[in-house]
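A short write-up of the structure that comes next.
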Amino acid sequence: MTKVISTLWQQTISGPKPPSAPVRLRDTRVAREAELAEIERTLRSGRSLLVFGPVGVGKTHLVDSFASSDAFYDAVPEPPFGHRARTANPGAPVWVSVGAARDRSLTPLGALLDVLPDVAVDVAAPIGTVRALVLDGLRAMSAGRSLVVRVDDAHLLDDLSARVLSGLARQDELQIVATLREFVAGRSPWFELWKDGVADRLDLQPFSRAQVEGWLSGSLGGSIASEALHQVWDASVGNAFQMLEVTASAVRSGALRRDSDVWVWSGEAPLSRRVIELVKHEVAHVGAQGRRALELVAVARGLDRDVLERIVPAPVIDGLLAEGVLSVRYRDTARDVRPDTASSSEPVVRLPHLQCSPMVAEVLLEMASAGQRREILATLRAVQGDLGTQTGLALVASVAASLECGLPETPARIVAALHTSLMAGRCPEVKRMASAALSMLPLGTPARLDVLAARAQAWRFLDQPARSLRDIDQLREEMAATEVDSETYVRHIIATTEIVMAIEQYHHGDTESALRALGIAEVQVDARLQGNVPAETALQLTVARLVALSCAGRFHECRGEATAIASGPDSLSVHVLPLIPIMIVDLCETGRLFQAQELVQKHLGVAVAHADTRPWAVAEILSAGFLALIGLGEVAAAEGVVAMLSGDGAPFNVERTSGHLIRGGLATLRGRWSDARAELHAANVQFAISDVIGLSAMTLVSEGLMAIASGDTAAGRELLSRADAAPSRMYSAYMQAEIRCLHLDAAAWLRAPDLYDQGLGLAEWAAERGLWRVELDGLHRAVFALHGEGRLAAGGDLLERVHAVAAHIDGRRARAQLAHVVAMFSCDRDLILVASRELGESGVWLPLSQPPVALTRREQEIAGLAAGGLSSKEIAERLVLSVRTVDSHLSRIFAKAGVRSRRELASVLHVQAPSAALGR
Numbered sequence: 001m002t003k004v005i006s007t008l009w010q011q012t013i014s015g016p017k018p019p020s021a022p023v024r025l026r027d028t029r030v031a032r033e034a035e036l037a038e039i040e041r042t043l044r045s046g047r048s049l050l051v052f053g054p055v056g057v058g059k060t061h062l063v064d065s066f067a068s069s070d071a072f073y074d075a076v077p078e079p080p081f082g083h084r085a086r087t088a089n090p091g092a093p094v095w096v097s098v099g100a101a102r103d104r105s106l107t108p109l110g111a112l113l114d115v116l117p118d119v120a121v122d123v124a125a126p127i128g129t130v131r132a133l134v135l136d137g138l139r140a141m142s143a144g145r146s147l148v149v150r151v152d153d154a155h156l157l158d159d160l161s162a163r164v165l166s167g168l169a170r171q172d173e174l175q176i177v178a179t180l181r182e183f184v185a186g187r188s189p190w191f192e193l194w195k196d197g198v199a200d201r202l203d204l205q206p207f208s209r210a211q212v213e214g215w216l217s218g219s220l221g222g223s224i225a226s227e228a229l230h231q232v233w234d235a236s237v238g239n240a241f242q243m244l245e246v247t248a249s250a251v252r253s254g255a256l257r258r259d260s261d262v263w264v265w266s267g268e269a270p271l272s273r274r275v276i277e278l279v280k281h282e283v284a285h286v287g288a289q290g291r292r293a294l295e296l297v298a299v300a301r302g303l304d305r306d307v308l309e310r311i312v313p314a315p316v317i318d319g320l321l322a323e324g325v326l327s328v329r330y331r332d333t334a335r336d337v338r339p340d341t342a343s344s345s346e347p348v349v350r351l352p353h354l355q356c357s358p359m360v361a362e363v364l365l366e367m368a369s370a371g372q373r374r375e376i377l378a379t380l381r382a383v384q385g386d387l388g389t390q391t392g393l394a395l396v397a398s399v400a401a402s403l404e405c406g407l408p409e410t411p412a413r414i415v416a417a418l419h420t421s422l423m424a425g426r427c428p429e430v431k432r433m434a435s436a437a438l439s440m441l442p443l444g445t446p447a448r449l450d451v452l453a454a455r456a457q458a459w460r461f462l463d464q465p466a467r468s469l470r471d472i473d474q475l476r477e478e479m480a481a482t483e484v485d486s487e488t489y490v491r492h493i494i495a496t497t498e499i500v501m502a503i504e505q506y507h508h509g510d511t512e513s514a515l516r517a518l519g520i521a522e523v524q525v526d527a528r529l530q531g532n533v534p535a536e537t538a539l540q541l542t543v544a545r546l547v548a549l550s551c552a553g554r555f556h557e558c559r560g561e562a563t564a565i566a567s568g569p570d571s572l573s574v575h576v577l578p579l580i581p582i583m584i585v586d587l588c589e590t591g592r593l594f595q596a597q598e599l600v601q602k603h604l605g606v607a608v609a610h611a612d613t614r615p616w617a618v619a620e621i622l623s624a625g626f627l628a629l630i631g632l633g634e635v636a637a638a639e640g641v642v643a644m645l646s647g648d649g650a651p652f653n654v655e656r657t658s659g660h661l662i663r664g665g666l667a668t669l670r671g672r673w674s675d676a677r678a679e680l681h682a683a684n685v686q687f688a689i690s691d692v693i694g695l696s697a698m699t700l701v702s703e704g705l706m707a708i709a710s711g712d713t714a715a716g717r718e719l720l721s722r723a724d725a726a727p728s729r730m731y732s733a734y735m736q737a738e739i740r741c742l743h744l745d746a747a748a749w750l751r752a753p754d755l756y757d758q759g760l761g762l763a764e765w766a767a768e769r770g771l772w773r774v775e776l777d778g779l780h781r782a783v784f785a786l787h788g789e790g791r792l793a794a795g796g797d798l799l800e801r802v803h804a805v806a807a808h809i810d811g812r813r814a815r816a817q818l819a820h821v822v823a824m825f826s827c828d829r830d831l832i833l834v835a836s837r838e839l840g841e842s843g844v845w846l847p848l849s850q851p852p853v854a855l856t857r858r859e860q861e862i863a864g865l866a867a868g869g870l871s872s873k874e875i876a877e878r879l880v881l882s883v884r885t886v887d888s889h890l891s892r893i894f895a896k897a898g899v900r901s902r903r904e905l906a907s908v909l910h911v912q913a914p915s916a917a918l919g920r
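First residue of the sequence shown? That's 1 in the UniProt record's numbering, and the numbers climb one at a time after it.
Written out as structure tokens, the structure reads:
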């Protein structure tokens with residue numbers, strides 16, 4: 001009971017939890033092999049190198065990495081190179097570091113004189129004289145060897161130093177390795193250096209999402225949950241400095257914490273002092289008008305240039321753009337107007353839109369008081385004109401800024417902003433905006449109903465059911481006291497009922513209460529409309545009932561009704577979308593996999609077209625389509641779906657934690673047990689904190705299977721026990737057949753003595769429900785059990801039954817299972833090996849027979865793939881190992897198993913009965 005109460009408290013009282021002990025980030029470097037190789041190649045060629053990039057991207061760190069590598073000592077220019085060809089001594093070049101700074105940028109030769117203190121230079125002398133004196137001083141430091149002058153922040157060099165160094169590089173007297181901001185790439189003398197080929201230009205890019213994930217895993221020493229990766233990526237967008245600071249700040253505050261061996265995120269991370277100080281330094285030189293412009297852009301979360309020019313002179317804006325403090329992108333007017341006001345005949349105008357970097361904007365917002373923000377927003381409103389044309393995240397930013405400062409907003413803009421934010425899955429933002437709006441909107445305002453509905457939905461997704469129900473009760477009370485039209489009344493009744501049904505089914509596990517709530521709503525709607533319920537409204541209510549039954553594992557009770565809707569005149573209605581993933585899963589389980597694919601193709605376009613109002617529908621249909629591809633045995637096509645669901649910037653919402661399940665499923669199809677287990681474990685840790693879609697039962701049994709397959713039997717059994725105890729509701733309920741199949745596979749890997757009975761039991765359960773594909777899985781494992789025990793004679797009738805069932809199922813996987821059953825009954829070892837390989841190519845990896853001696857987990861993984869017909873190169877690619885490492889493992893496996901070839905290994909692992917292998 002204490003554990004239950006503790007869990008409820010954790011779900012009700014949300015927020016970051018400070019770490020119990022200080023956590024120190026490990027020194028982890030993201031490999032930039034291509035960039036380091038380019039530095040070495042450039043220096044060997046005798047040319048200079050200019051490294052461009054925004055602040056914090058890692059320019060200095062890259063050059064430091066090269067300076068600490070072995071290549072640093074080997075990067076000797078190859079002769080002949082002008083003057084150096086006659087004077088250079090053998091050996092590595094001498095590096096001279098020059099540090100540029102803003103406080104010396106107006107002092108002629110200020111940066112160079114810091115490293116040449118004994119050289120007397122008349123800065124007013126001709127440039128040639130100054131250049132010669134500087135060269136003499138540098139040569140004195142080089143002892144006759146080649147010279148490389150390293151300049152950090154070369155964009156801050158004074159003009160004379162820049163001209164002297166570029167001139168010496170042109171004369172081939174030295175090489176320059178300089179780090180610079182992007183905005184000076186088109187300025188003299190740097191532009192001429194790379195344009196004329198004197199220097200190579202390296203534009204350093206931010207880290208990719210995969211690189212950020214790798215760095216997080218190495219720095220924190222554990223797996224990273226998808227939500228934690230998203231938060232760090234969203235805050236840094238691959239900027240190395242910001243990535244480090246956000247992570248360190250989140251760990252210190254407890255927003256990022258270790259749960260089991262997975263790092264999870266909850267709450268918000270405060271800005272670090274280093275970030276604040278860096279931004280202050282970056283904008284310290286900006287004048288009053290420039291600072292005003294930056295504050296306007298930051299508080300407004302971006303501004304069109306024509307709006308900013310009404311407040312700040314254009315030359316000031318040009319100066320900020322020239323220095324890279326502001327950036328510009330172009331937006332099309334056609335994308336930002338409301339659909340009801342857009343006209344196909346109106347020309348599309350590309351408007352320059354100004355933005356600060358996310359880091360600068362965040363700090364400026366933090367530093368601005370509420371009064372300053374109000375004054376800035378009031379100034380903007382006076383010049384912006386018609387704010388009604390704002391849509392999307394620009395609208396959300398504008399409304400959120402106003403509400404934070406206590407400025408009034410129109411009800412229409414508030415409701416539109418809440419809808420947009422909710423559709424983008426930004427529930428904490430919805431909660432904050434809605435709470436602020438409710439404090440401003442007077443009772444009796446119809447918009448309050450929409451605000452309460454949005455906040456109730458946000459609380460539901462934040463796993464706070466009690467708060468959600470409280471908002472729904474308040475909404476219904478206010479609606480009873482407010483004059484609303486019938487359309488508004490019905491809309492709110494249906495929306496709130498859907499939330500109540502989800503809470504009853506998921507949090508309370510009470511399907512009957514959910515259906516009763518729907519029945520009450522139907523009566524209320526019928527009474528309000530006096531029996532004249534529109535077909536569209538009736539469809540919504542019907543779909544809600546069918547979804548509720550499906551999420552209780554009772555789809556077989558309403559399969560006919562659901563099929564009639566999906567094939568009828570309303571099949572392409574947006575209101576049918578919640579039913580489609582359930583129907584796809586059912587078609588997969590009944591073996592009609594081609595029909596499942598047709599349903600995916602038919603409704604995916606509808607989901608995309610309505611992504612603004614049903615943002616989760618695309619991902620749900622794609623995920624169900626992924627199951628269809630698994631059933632068909634089309635592993636390569638399944639990889640494409642995973643890529644779509646895992647890609648950055650998708651125009652639809654993806655439940656980030658369920659992404660672990662999808663990637664784990666793909667790794668399972670490829671036979672990568674360890675990778676699959678890591679993904680599924682990350683999902684289970686996150687779902688233990690919050691699982692509003694009910695996937696825990698599915699992910700627990702999946703991880704348990706992978707643990708057993710990779711050799712960790714004890715952990716696998718514990719996970720299976722947890723899966724049995726997990727409530728089967730929502731997604732896990734209508735995927736109950738898949739969960740049963742996973743349990744059966746776990747029994748096979750455990751070599752359960754009753755595997756035959758379990759397989760036959762699953763087949764009988766599936767036959768009662770018409771689930772042909774599930775029945776085939778049960779029969780196949782039953783035959784596999786009999787074959788392993790040498791008792792095939794006891795199952796003679798199974799072969800005919802497998803033939804009959806397989807005839808109802810589409811795809812290569814069913815054909816491969818049938819072929820494997822036929823091969824086992826034939827007792828032909830070669831035929832069994834061929835059939836086993838075909839199963840592996842279809843994504844089905846059978847448990848291995850026990851070899852004469854124990855194999856390590858990695859050896860079991862490699863042995864299984866090798867026995868499945870994969871080459872060493874293919875195994876290396878799947879497990880991210882070298883071919884040499886795979887071959888080394890295989891040689892040990894061959895020795896332990898007493899075989900000399902892969903064919904013999906496959907015979908031992910896939911054909912030999914367990915009793916014989918154990919020498920019993």
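Using N, Cα and C, we set each Cβ at its ideal position, and we do this for glycine too.
- Ranked by Cα distance from SER68, the options GLY56, TRP95, VAL57 and SER45 are led by TRP95.
- At a Cβ-Cβ threshold of 8 Å, ALA447 and PRO408 do not count as neighbours.
- With a beta-carbon spacing of about 6 Å, ARG145 and PRO93 fall inside the 8 Å limit used to define contacts.
- Here the alpha carbons of GLU478 and ASP471 stand approximately 10 Å from one another.
- Its chain contains ALA458, PHE461 and LEU462 as the residues whose beta carbon lies nearer than 6 Å to that of CYS427, once the 5 sequence neighbours on both sides are disregarded; these appear in chain order.
- Rounded to the nearest angstrom, the Cβ distance from ALA225 to ALA250 is 13 Å, too far for a contact under 8 Å.
- Collapsing the DSSP output to three states places GLY371 in a helix.
- Between SER842 and ARG878, the CB-CB gap reaches or exceeds 8 Å.
- By alpha-carbon distance to LEU180, the top candidate from ARG131, SER702, LEU112 and LEU62 is LEU62.
- Boundaries of the beta strand (DSSP E) harbouring THR179: 175–180, taken from the DSSP string.
- Around the beta-carbon of GLN817, 16 or more other beta-carbon atoms lie within 10 Å, marking it buried.
- Looking at the backbone, the Cα of LEU750 and that of GLY560 are separated by about 39 Å.
- Runs of beta strand (DSSP E) with 3 or more residues, each lying fully within the region 29–77, are found at 48–52, listed in chain order.
- Proximity of the region 50–66 to the region 197–205 meets the contact definition, three or more beta-carbon pairs being nearer than 8 Å.
- Residue environment for MET141: exposed (fewer than 16 other C-beta atoms within 10 angstroms of its C-beta).
- The C-alpha of GLN474 lies about 49 Å from the C-alpha of LEU669.
- By the criterion of a C-beta distance shorter than 8 Å, VAL119 is surrounded in its chain by LEU113, LEU133, VAL134, ASP136 and GLY137, once the five residues flanking it on both sides are discounted.
- One thing to note: CYS356 has its Cβ no nearer than 8 Å to the Cβ of ALA416.
- Residues of the same chain with a CB within less than 7 Å of the CB of LEU786, apart from the 5 flanking positions on each side, are TYR756, LEU792, ALA794 and GLY795 in chain order.
- If only uninterrupted alpha helix (DSSP H) runs of at least 4 residues are considered, those enclosed by the region 824–899 are 829–841, 857–867, 872–879 and 883–897.
- Contact check for MET735 against MET698 passes: the beta carbons are separated by less than 8 Å.
- Following the DSSP letters along the chain, one finds ASP200 inside the beta strand (DSSP E) bounded by residues 199–203.
- In this structure, ILE311 lies away from LEU326, with their beta-carbon atoms at least 8 Å apart.
- Taking the CA atoms as reference points, VAL821 sits about 8 Å from VAL802.
- DSSP, reduced to helix, strand and coil, places VAL328 within a strand of the structure shown.
- Between the region 773–782 and the region 586–600 there are three or more inter-stretch CB-CB distances shorter than 8 Å, so the stretches are counted as touching.
- Annotation for SER97: the continuous beta strand (DSSP E) segment containing it runs 94–99.
- Per DSSP, reduced to three states, the secondary structure at TRP749 is helical.
- ARG381 is classed as exposed because its beta carbon has fewer than 16 other beta carbons within 10 Å across all chains shown.
- Rounded to whole angstroms, the Cβ separation of ALA866 and LEU890 is 6 Å, and the two are in contact under 8 Å.
- Beyond the five residues adjoining it in sequence on each side, ARG150 comes within less than 6 Å, by CB distance, of TRP95, SER97 and VAL177 in the same chain, given in chain order.
- With respect to LEU705, ALA746 sits close: the two C-beta atoms are nearer than 8 Å.
- Selection VAL275, VAL232, TYR731 and ARG857 evaluated against ARG554 yields TYR731 as nearest (Cα-Cα).
- Counting only runs of 4+ residues, the alpha helix (DSSP H) found wholly inside the region 223–253 occupies 226–236 and 240–253, in chain order.
- According to the DSSP assignment, ASP159 belongs to the alpha helix (DSSP H) that extends over 159–170.
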